[in-house]
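In the UniProt record's numbering, the protein residues as written are 1 to 107. Idealized CB from N, CA, C, for every residue including glycine. The structure presented is a predicted model; accordingly, all values stated were derived computationally and were not measured. As structure tokens, the structure follows; a few thoughts come after it.
Right under this line is the structure:
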């Protein structure tokens, strides 16, 4: 969301006495060309402003991904032996998620 969207949604939330259901309906009515918001967004923005003093969430860069070297080695060897293998096959064969297989292959 943009800063303007955050400010508008917080203003509407306050106008509706912190009733997220009413705020969502009013926000949609006032800003029909913007994306519709989940009810929890109103509460989270309000809480963030109260606790952190800002509307926009902090970007802490997310978690770093540390892979088990054995799993990484198994994936890379499997791809070397069978270059046409799929991520789904690797997922099933090794027993890890597709997301993890993709992260390892992208490194």
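- For residue 78, the uninterrupted alpha helix (DSSP H) run begins and ends at 69-81, by DSSP.
- In the same chain as residue 97, and ignoring 5 residues on each side of it, the C-beta atoms closer than 8 Å to its own belong to 91, in chain order.
- Below 8 Å, enough C-beta pairs join the segment 33-42 and the segment 1-14 to call them touching: three or more.
- If you check the CB distance, residue 10 and residue 55 come in under 8 Å.
- If you ignore the 5 residues before and after residue 6, its C-beta comes within less than 7 Å of the C-beta of 45, 55 and 56, all in its own chain and listed in chain order.
- Counting C-beta atoms within 10 angstroms of its own C-beta, residue 25 has fewer than 16 neighbours from the protein chains shown and is therefore classed as exposed.
- Around the CB of residue 99, fewer than 16 other CB atoms lie within 10 Å, so the residue is classed as exposed.
- Judged by DSSP in its simplified three-state form, residue 31 adopts coil rather than helix or strand.
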